[in-house]
Every structure is written in structure tokens, then in C-alpha cells.
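S.K.: Residue numbers 1 to 263, in full-length UniProt numbering, belong to the letters of the sequence shown in order. Here a beta-carbon is modelled for each residue, glycine too, at the ideal position from N, C-alpha and C. Take a look at the following structure, please.
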Amino acid sequence: MLKKRLIPKFLIRYQKLGSKIKPVLITTRSFCDEFTVGDPVSQAKIYEAQFADELIVLNIDSHPIASDELRLNLVERIADEVFMPLTVGGGVRTMEDFQLLLERGADKISINTIMFEDITLISKSAYRYGSQCVVASVDFRTDHSGEAYIVRDRAKIDTNIKLIDWVQKIVASGAGEILLTDVDRDGSGNGLNWTVCKMIASSVTVPVIISGGCGLAEHFVDGFQKGLAEGVAAGTFFCFRDQNLLQTRSQIWNAGIPIRMET
1 MLKKRLIPKF LIRYQKLGSK IKPVLITTRS FCDEFTVGDP VSQAKIYEAQ FADELIVLNI
61 DSHPIASDEL RLNLVERIAD EVFMPLTVGG GVRTMEDFQL LLERGADKIS INTIMFEDIT
121 LISKSAYRYG SQCVVASVDF RTDHSGEAYI VRDRAKIDTN IKLIDWVQKI VASGAGEILL
181 TDVDRDGSGN GLNWTVCKMI ASSVTVPVII SGGCGLAEHF VDGFQKGLAE GVAAGTFFCF
241 RDQNLLQTRS QIWNAGIPIR MET
């Protein structure tokens, strides 16, 4: 049986510290309010020591990757310092972007906005690098009836696209993994939207990772047991809660969920 995955999710923003611009780890609430955490490399090393299964690093500043040495250097530093699988995204628009990030140490590439503009990038990159390399990041909101709809551009644009229709389309195009984020639960600590996760996980044949809303260890359990997720990703929970990855992992294990307990 495949082990379930606990995945810290890093959001990276460039900030001016003294006279220099540096990539800084932040967390958000509903994709709006931002809270600075600190150095992403140091934090990554802490999470690896606590047995994180992999790491997702998403840059939320819009900079062309080819000329973004800060980003490329950060990816390379993280890949050199930690040895868990690394997914990198944010602003990926071309096959060349895939290549640059993979050369710097990324194992998988997350794409989001570009899928609305050129969905063929999914099939092209899956053909060249393998579908397991292509992670489709999908942000959504639910309406008053519970129907889930896609939002894009850091939730600045609402669409009329139903989540289920969009996910099935991108999986059919070759995406090897889905990263779902409920915008309204982001950073709330009120629990994952496991109902939507279950709907999506039941409708596709690729792994689904759910994020947005973890505030207690039992929320991770809900994501795995009720939501049928293969992975649960969290940012605020690991950065600002008293409970660390090891403690969370033990509670998940005690709930009978198959999860890695040692290196």
C-alpha cells in the first residue's frame, strides 16, 4: 500500500532586507493577508529533520523564470540542502521554464495560470518529462450550494468553470498530480474541504493533494480518510502551530493511516 504524504507548502515572496532583495517564506490567509515566516532554506532543513515526505515551493511573485536568478538560486540551494522530493511552481509558462527548474534540482513542476492560456503545455511537458513531473495546481471556491468553481491569478479572477470539469480536462491532457487549494479556507485553520477533495479524488486516476485549512492534526486525518487524498499540504499549520510534523505524523499513524514513520 502506498504511504500517504505530509507536505509542507512554501509560498515565496521577494522582500527588501537592508540593501538586498531576498526570497522570503510567507504564509497567507485567503490568498490576501500575508505573514512573514523567514528563511525558506532553514525552514526546509527543519522539515526534513521532522520527516516531511516532500516539499512544495511556490513563488507568488510574477517574474520570468529565465531571468530570475534569485528563484533559480533558491531552488538550487534547497535541492542541495535537503533530500526530499521537491515540487516547484509559480510563473511557469514554457517548456524552457520546466527545463531550467529541473536542472536546478526540482523533481516536479507545478503549473497553474498557464493552463488557462495554453493547456497544451500539459501534454507537451508530460511527453518530454513524464506525467509524474507535471503537477496541476488548482485553486477553487464553493458557492452557497456547495458547488466548487475555479478561480485564477491568485484568486483575483473568478471563472464559471466547474472544478470537476476542469480537473478532468487537465488530467486527460496528461497532468500526473492535482494540488487542490480552497481559497476561502487558506490559512484559516478551520479544516480542509474534504468533501470537494473526495469528489475530485473519486473522479480521477492520479494522486490528489489537498491544502487550505489545516489547524489541527485531525484535519489531516480527515483529508486522508474522508477526502481520499494521497497527500495533505500545509503552510500556516507548520509555521505557526505548536505541533510539529513529527507530532502530527504520530497522530495520523494512530488513526490507522499508512504513513512513513522513519527514514
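1. What is the C-beta distance between glycine 189 and glycine 215, in whole angstroms, given that I count them as a contact (C-beta under 8 Å)?
2. For the region 206-239, which segments carrying the alpha helix (DSSP H) assignment without a break, of at least 4 residues, lie completely within its bounds, in sequence order?
3. Spatial neighbours of glutamate 177 within its chain, please: CB distance less than 6 Å, with the 5 preceding and 5 following residues excluded, ordered by chain position.
4. What is the DSSP secondary structure of proline 40, reduced to helix, strand or coil?
5. Out of Glu76, Phe35, Asp184, state which residue places its alpha-carbon closest to the alpha-carbon of valine 41.
6. So, helix, strand or coil for glutamate 177, using DSSP?
7. Between the beta-carbon of lysine 4 and the beta-carbon of phenylalanine 224, is there less than 8 Å?
8. Taking three-plus beta-carbon pairs below 8 Å as touching, is the region 82-94 in contact with the region 105-122?
9. State the beta-bridge partners of glutamate 34 as determined by DSSP.
10. Under 8 Å, Cβ to Cβ, is there at least one residue of chain D near leucine 228?
11. Classify asparagine 73 as helix, strand or coil using the three-state DSSP reduction.
12. Kindly indicate the opening and closing residues of the beta strand (DSSP E) around arginine 185.
13. In whole angstroms, what is the alpha-carbon distance linking serine 110 and glycine 256?
14. Going by DSSP in three states, leucine 121 sits in which element: helix, strand or coil?
M.R.: With the structure as the only source:
1. About 3 Å separates the two Cβ atoms, so the contact holds.
2. Taking 4 residues as the shortest admissible run, the region 206-239 contains the following complete alpha helix (DSSP H) segments, listed from N- to C-terminal end: 217-225.
3. Within the same chain, glutamate 177 has close Cβ partners Val135, Val206, Pro207.
4. If DSSP states are grouped into helix, strand and coil, proline 40 belongs with the helices.
5. Among Glu76, Phe35, Asp184, the Cα nearest to that of valine 41 is on Glu76.
6. Strand, per DSSP.
7. Taking 8 Å as the Cβ cut-off, lysine 4 and phenylalanine 224 qualify as a contacting pair.
8. Yes, the region 82-94 touches the region 105-122.
9. Glutamate 34 pairs with Thr28.
10. Absent from the structure is chain D; it holds one protein chain and no more.
11. It is helical.
12. Taken as a continuous stretch (DSSP letters only), arginine 185 belongs to no beta strand (DSSP E), as it is neither H nor E.
13. So the alpha carbons of these two residues sit roughly 30 Å apart.
14. Leucine 121 falls in the helix class under three-state DSSP.
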